[in-house]
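**Q**
Residue numbers (the numbering used here): 655 to 884.
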């Protein structure tokens, strides 16, 4: 129901590949829907599980599952899996290592290295991604600022400097909203807003998002996610 009859098949495939790429870059983070990573990791000896469903008007529905644990002190390890309902043979798998360089007080910084393999209708690709997340807390305000700068290496296509920026506002003790901008290729950037609600504080969080690619009216999406942190 998400595809209009007038949309050409190659356009659907192109959109589907974009969303597989986007979702594979989203694992092991403080939000299953945000692309911007934070500077924190899971607690030592604990794990978290994130899942998301992201329907897109022209790219079908993507499903995402991302567990992450800190089994080695100071290093978080995570894996990710993404599937798109347009093609059961198209999927993405990924793995990531992340560590905190400076713990967040007024500001913080972390580093992560990930590798992902994406299988799509137009071929397979293996990407390496080195990312540096930064975070700032604005004094005496419920506002947090985040930015990521990373480098993606792939033999299959041109290397890419990736960036993202997000601002989070705490509405109350259970709810917050985040505005985000990010790139995934050499074309125009993406924008999205994410609403987060803590169903069970420090255990279960529900999220909802809506986004669109700048200068691309048809590339819209919304998503739902859950984060479980026992």
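Ideal Cβ positions, reconstructed from N, Cα and C, are used throughout, including at glycine.
Among 699, 701, 692 and 710, which one has its Cα closest to the Cα of residue 878?
**A** 710
**Q** Helix, strand or coil for residue 736, going by three-state DSSP, please let me know.
**A** strand
**Q** Would you grab the beta carbon distance between residue 769 and residue 787 for me? Rounded to a whole angstrom, and I think it's under 8 Å.
**A** Contact flag wrong, Cβ pair sits at about 18 Å.
**Q** Would you check if the distance between the CB atom of residue 702 and the CB atom of residue 832 is smaller than 8 Å?
**A** no
**Q** Just to confirm the assignment: which complete beta strand (DSSP E) runs, minimum length 3, are found wholly within the region 807 to 877?
**A** 814 to 824, 829 to 836, 844 to 854 and 858 to 867
**Q** Please report the Cβ distance between residue 845 and residue 868, rounded to the nearest whole angstrom; I am assuming they are in contact, meaning their Cβ atoms lie under 8 Å.
**A** 6 Å
**Q** If distances are taken between C-alpha atoms only, which option among 784, 824, 805 and 817 comes closest to residue 792?
**A** 824
**Q** What is the residue span of the beta strand (DSSP E) that residue 719 lies within?
**A** 714 to 726
**Q** Evaluate the contact criterion for the region 768 to 783 versus the region 807 to 822: three or more CB pairs, one atom per stretch, below 8 Å.
**A** Touching, yes, given that three or more Cβ pairs across the two stretches are closer than 8 Å.
**Q** With 16 as the cutoff for other CB atoms within 10 Å, does residue 689 come out buried or exposed?
**A** buried
**Q** Can you list, in chain order, the residues of its chain whose CB lies under 8 Å from that of residue 876, leaving out five sequence neighbours each side?
**A** 708, 709, 862, 863, 864 and 865
**Q** Where does residue 794 sit, in a helix, a strand or coil, going by DSSP?
**A** coil
**Q** Helix, strand or coil: how does DSSP classify residue 694 here?
**A** coil
**Q** Helix, strand or coil for residue 883, going by three-state DSSP, please let me know.
**A** coil
**Q** When we look at the beta-carbon of residue 752 and count the other beta-carbons within 10 Å, is it buried (16 or more) or exposed?
**A** buried
**Q** So, helix, strand or coil for residue 699, using DSSP?
**A** coil
**Q** Pull up the distance between the alpha-carbon of residue 796 and that of residue 775, whole angstroms please.
**A** 44 Å
**Q** Do you know whose CA, among 839, 800, 822 and 827, lies nearest residue 814's CA?
**A** If we check each option's Cα against that of residue 814, 839 comes out closest.
**Q** Between the C-alpha atoms of residue 818 and residue 745, what's the straight-line distance to the nearest angstrom?
**A** 24 Å
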